[in-house]
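Position one of the sequence shown corresponds to residue 0 (numbering that gives the first Met the number 0), numbered consecutively onward.
Backbone N, C-alpha and C define an ideal beta-carbon position, used for all residues, glycine too.
Since we're looking at a predicted model, the values are computed, not measured.
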Amino acid sequence: MNSTLKTPWKKANKVWANNDNNYRLHLTMEDGEKFELDLTPLLNSRDAFWRLKAFRYFQKVAIDPLGGLYWPEGEDISPNKLLDYIKQN
0 MNSTLKTPWK KANKVWANND NNYRLHLTME DGEKFELDLT PLLNSRDAFW RLKAFRYFQK
60 VAIDPLGGLY WPEGEDISPN KLLDYIKQN
């Protein structure tokens, strides 16, 4: 999703998960910078993300209009938190 909404933070504009069951997301930011983000530690530490442990569901990740990530049942990662996770990886 490409959003025309202007925000003061860097936004993701493309995301996908490989088919190799490793809970890594590939992100492209609005400035073209690319990252690989391993969410395994997050999934193991937060009960709220239990659905994401089902890899087929994990692959349904999408980008919200503000540049964060979300899944169909309401799990989400805000743009600011997403940048924090990128820095940790």
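Beta-bridge pairing of residue i - partner residues as DSSP gives them
i, result
"residue 27", "13 and 33"
"residue 41", "The partner list for residue 41 (beta bridge, DSSP) is empty, contrary to what the question assumes."
"residue 75", "69"
"residue 85", "DSSP output for residue 85 lists no bridge partner at all."
"residue 61", "69"
Proximity below 9 Å, CB of residue i to CB of residue j
i, j, result
"residue 36", "residue 88", "yes"
"residue 13", "residue 26", "yes"
Chain-order list of residues whose beta-carbon lies under 8 Å from that of residue i (same chain, five-residue window excluded)
i, result
"residue 8", "66, 78, 79 and 82"
Cβ shell of residue i (< 7 Å), same chain only, five flanking positions each side left out
i, result
"residue 58", "16"
"residue 22", "37, 38, 39, 42 and 57"
Of the residues the options, the one placed nearest residue i, counting alpha carbons only
i, options, result
"residue 42", "24, 33, 31 and 32", "24"
"residue 76", "18, 53, 21 and 48", "48"
Buried or exposed by the 16-neighbour rule on C-beta atoms within 10 Å, applied to residue i
i, result
"residue 61", "exposed"
"residue 53", "exposed"
"residue 33", "exposed"
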